[in-house]
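Asks:
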Amino acid sequence: MNKYTDVLIIGAGLSGLMAAAKAAELGKKVTLVAKGMGAVGLSSGCIDLWGYNLEDPNQVCQDPLAEIARLCAVNPQHPYARVQDVLEESLLFFRRVCQENGNPYLDHRGGNWLLPTALGTLRPTYLAPASMAVGDLQQVRGVLVVGFRELKDFYPDVLAANLKKSGVLQADCPLNTLMVCAGGGELTPNTLAHRLENPAVVDRIVDQIKPHLLPGAVLLLPPVLGERWDSQVAKNLAEKLGHPVYEVANIPPALPGQRLQQMLLHHVKGQGVEVVIGCTVNGARVADKRCTEVLATGAGKPIKISAKTVILATGSFLGGGLESKPGKAWESIFRLPVEIGHEKWSARDFLSMAGHLFNQMGIKVNEHLRPVDKTGEVIIENVMVTGANLAGCNHPIEKCGNGVAVASGYKAGKLAGEVGE
Numbered sequence: 001m002n003k004y005t006d007v008l009i010i011g012a013g014l015s016g017l018m019a020a021a022k023a024a025e026l027g028k029k030v031t032l033v034a035k036g037m038g039a040v041g042l043s044s045g046c047i048d049l050w051g052y053n054l055e056d057p058n059q060v061c062q063d064p065l066a067e068i069a070r071l072c073a074v075n076p077q078h079p080y081a082r083v084q085d086v087l088e089e090s091l092l093f094f095r096r097v098c099q100e101n102g103n104p105y106l107d108h109r110g111g112n113w114l115l116p117t118a119l120g121t122l123r124p125t126y127l128a129p130a131s132m133a134v135g136d137l138q139q140v141r142g143v144l145v146v147g148f149r150e151l152k153d154f155y156p157d158v159l160a161a162n163l164k165k166s167g168v169l170q171a172d173c174p175l176n177t178l179m180v181c182a183g184g185g186e187l188t189p190n191t192l193a194h195r196l197e198n199p200a201v202v203d204r205i206v207d208q209i210k211p212h213l214l215p216g217a218v219l220l221l222p223p224v225l226g227e228r229w230d231s232q233v234a235k236n237l238a239e240k241l242g243h244p245v246y247e248v249a250n251i252p253p254a255l256p257g258q259r260l261q262q263m264l265l266h267h268v269k270g271q272g273v274e275v276v277i278g279c280t281v282n283g284a285r286v287a288d289k290r291c292t293e294v295l296a297t298g299a300g301k302p303i304k305i306s307a308k309t310v311i312l313a314t315g316s317f318l319g320g321g322l323e324s325k326p327g328k329a330w331e332s333i334f335r336l337p338v339e340i341g342h343e344k345w346s347a348r349d350f351l352s353m354a355g356h357l358f359n360q361m362g363i364k365v366n367e368h369l370r371p372v373d374k375t376g377e378v379i380i381e382n383v384m385v386t387g388a389n390l391a392g393c394n395h396p397i398e399k400c401g402n403g404v405a406v407a408s409g410y411k412a413g414k415l416a417g418e419v420g421e
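The sequence shown lines up with residues 1 to 421 when you count with the UniProt record's numbering.
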């Protein structure tokens, strides 16, 4: 089977979906192919821009955009330095798409939210789904942590104990826990979320919670308040209880990440993007520094795809976008060189605050996101690289993975949209 498209995007993660959304908005014929669903469905669903201060990594960053500007000045090889020109523009675009699809994302007056997690720690993030956007916990008059007896891997007592130790609450702020029953046997988060779409089940939960409410209390629940991105479960629960209700960040796979993924897929399909999941890209043909054909397999049949622009959004080692063997790493489709930069790929301490160097490995690009060699020479002129494929970003430590994905995907889609007929 032979296909032709203006823009071919390989990968269905956050950067690939952002690229598809922007290129389609600019009127391009867009095809997105992926062997799987991408890592965004495994994420918290939040958009981390920059977590901690450059000078003091123990301090939460109060102004991520300003901190990124300082970062780009001292580290021009960081992916943010390649997308700084569109960073704020990309965030506005992302929020508009979310708002239009009934899944609003909120900022915190230009700073980072400090969102409670299922472990009772506080995670900094720049944009949060409305269902998770807990305000300043220092100002609340009480907290009730609610769990479900049918749900494994969420323990209200653990959350409450660690939240109390964090010192974020006022000393006299009541902090209580409660286990409620949704009915039935053991449930997964997805199954419980589906059950909570039933108003009768929500009413049953409300009846169990109401006797334990204190005036002015905020409720913290696991991220199971509805399946879809536009679910009204959290809103309905809050209205019936007369108290604010929020989901906390949980271990992956978490529903807020899945909701974001499904919302973006819904959006790009509505924009006319052809999405082919279960399509494995095996290689490509390159001539005169241009990709002339991408070779893939879908439904057991070979597919040849030609495109004016190819956007590589296949992720890092976890997603199979990068491959390695001892002492060497490479990109899996075009065999693009991967910057290693150090003999030691990992730290001796698994939880090292300096992170592991293999997380910084990736493809070096120029300001147009085109892959370049060590001398800065463009390797393939009609290929752009986005997201976790990019070199120089230690996102688990820097707390910037989804921010880089949003900005680089947006910029690639915008540049692809500017390619002439």
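A virtual CB, placed ideally from N, CA and C, is assigned to each residue, including glycine.
By DSSP, does Ser90 sit in helix, in strand, or in coil?
Replies: helix
Asks: Under 8 Å: do the stretch 364–383 and the stretch 15–31 share three or more Cβ pairs, one atom per stretch?
Replies: no
Asks: Would Leu163 pass as a contact of Leu178 if the rule is Cβ separation under 9 Å?
Replies: No; because the gap between Cβ atoms is not below 9 Å, this pair is not in contact.
Asks: Using only alpha-carbon positions, find the residue among Pro222, Leu144 and Gly167 that is nearest to Lys210.
Replies: Leu144
Asks: Between Ser44, Gln208, Cys72 and Thr117, which lies nearest to Pro129 when the distance is taken from Cα to Cα?
Replies: The candidate whose alpha carbon is nearest that of Pro129 is Ser44.
Asks: Do Leu322 and Trp330 have their C-beta atoms closer together than 9 Å?
Replies: Taking C-beta atoms as the reference points, Leu322 and Trp330 count as a pair closer than 9 Å.
Asks: Excluding the 5 residues flanking Arg96 on each side, which residues of the same chain have their C-beta closer than 6 Å to its C-beta?
Replies: Cβ neighbours of Arg96 beyond the five flanking positions: none.
Asks: Where do the ends of the alpha helix (DSSP H) carrying Cys291 lie?
Replies: Here Cys291 belongs to no alpha helix (DSSP H); instead the beta strand (DSSP E) covers Arg290 to Gly298.
Asks: What number of angstroms, rounded off, separates the C-alpha of Gly362 from the C-alpha of Val372?
Replies: 12 Å
Asks: Kindly indicate which three-state DSSP category Gly283 falls into: helix, strand or coil?
Replies: strand
Asks: What did DSSP end up calling Tyr155 once you bin it into helix, strand or coil?
Replies: coil
Asks: Beta-carbon within less than 8 Å of Val406's beta-carbon, same chain only, minus the 5 sequence neighbours each way: which residues are those?
Replies: Leu14, Ser15, Met18, Ile47, Ser90, Leu91 and Phe94
Asks: What residue range does the alpha helix (DSSP H) around Lys325 cover?
Replies: Element bounds for Lys325: not the alpha helix (DSSP H) but the beta strand (DSSP E), Leu322 to Lys325.
Asks: If you measure between the beta carbons of Lys399 and Leu49, is that distance less than 9 Å?
Replies: yes
Asks: Exposed or buried, what is Cys181 when buried is set at 16 or more other beta-carbons lying within 10 Å of its beta-carbon?
Replies: An exposed status is given to Cys181, since fewer than 16 other beta-carbon atoms sit within 10 Å of its beta-carbon.
Asks: Counting only beta-carbon separations shorter than 9 Å, does Gly51 have a partner in chain D?
Replies: The structure shown has no chain D; it contains just one protein chain.
Asks: Provide the residue(s) that pair with Pro129 in DSSP beta bridges, ordered along the chain.
Replies: Tyr105, per the DSSP bridge assignment.
Asks: Who are the near neighbours of His395 in its chain, counting only those whose CB is closer than 6 Å to its CB and skipping five residues on each side?
Replies: Around His395: Gly401.
Asks: Check Met263 in the structure and name its three-state DSSP category.
Replies: helix
Asks: Alpha carbon to alpha carbon, what distance is there between Cys393 and His356?
Replies: Because His356 sits at a pLDDT of 49, beneath the cut-off of 50, its placement in the model cannot be relied upon, and the point is left open.
Asks: What did DSSP end up calling His356 once you bin it into helix, strand or coil?
Replies: Note on His356: pLDDT 49, under 50, position unreliable in the model; the coordinate value appears next. In the structure shown, His356 sits in coil (DSSP, three-state: anything other than H, G, I, E or B).
Asks: Please classify Met384: does DSSP put it in a helix, a strand, or coil?
Replies: Under the three-state reduction of DSSP output, Met384 falls in the strand class.
Asks: Using the beta-carbon count (16 or more within 10 Å), is Arg82 buried or exposed?
Replies: Counting other Cβ atoms within 10 Å of its Cβ, Arg82 reaches 16 or more and is therefore classed as buried.
Asks: In whole angstroms, what separates the C-alpha of Arg259 from that of Glu227?
Replies: 7 Å
Asks: State the beta-bridge partners of Glu339 as determined by DSSP.
Replies: Residue pairing from DSSP places Glu339 in a beta bridge opposite Gly362.
Asks: Whether or not the stretch 28–41 and the stretch 97–107 are in contact is what I'm after, with contact meaning three or more pairs of Cβ atoms, one per stretch, closer than 8 Å; do they touch?
Replies: Too few Cβ pairs lie closer than 8 Å, so no.
Asks: Taking only the alpha-carbon atoms, compute the straight-line gap between Ile9 and Glu377 and give it to the nearest angstrom.
Replies: The straight-line gap from Cα to Cα measures roughly 23 Å.
Asks: My guess is that Thr375 and Ser408 are in contact by the Cβ rule of under 8 Å, so how many angstroms apart are they, rounded?
Replies: About 22 Å; that fails the 8 Å criterion.
Asks: Shortest alpha-carbon distance to Val206 belongs to which of Pro223, Glu150 and Val233?
Replies: Val233
Asks: Three-state secondary structure (DSSP) at Arg195?
Replies: Three-state result, Arg195: helix.
Asks: Can you list, in chain order, the residues of its chain with a C-beta nearer than 7 Å to that of Val40? Leave out the 5 residues immediately preceding and following it.
Replies: Gly13, Leu14, Gly257, Leu260 and Gln261
Asks: Give the straight-line distance between the Cα atoms of Ala284 and Arg335, rounded to the nearest whole angstrom.
Replies: 9 Å
Asks: Is the stretch 187–195 in contact with the stretch 133–152, if contact means three or more CB pairs nearer than 8 Å?
Replies: yes
Asks: Between which residues of its own chain and Ala416 is the CB-CB distance below 6 Å, once the five residues before and five after are set aside?
Replies: Val7, Ala23 and Thr309
Asks: Short of 8 Å in beta carbon distance, which residues of its chain neighbour Arg290, apart from the five on each side in sequence? Order them along the chain.
Replies: Ile380, Glu381 and Asn382
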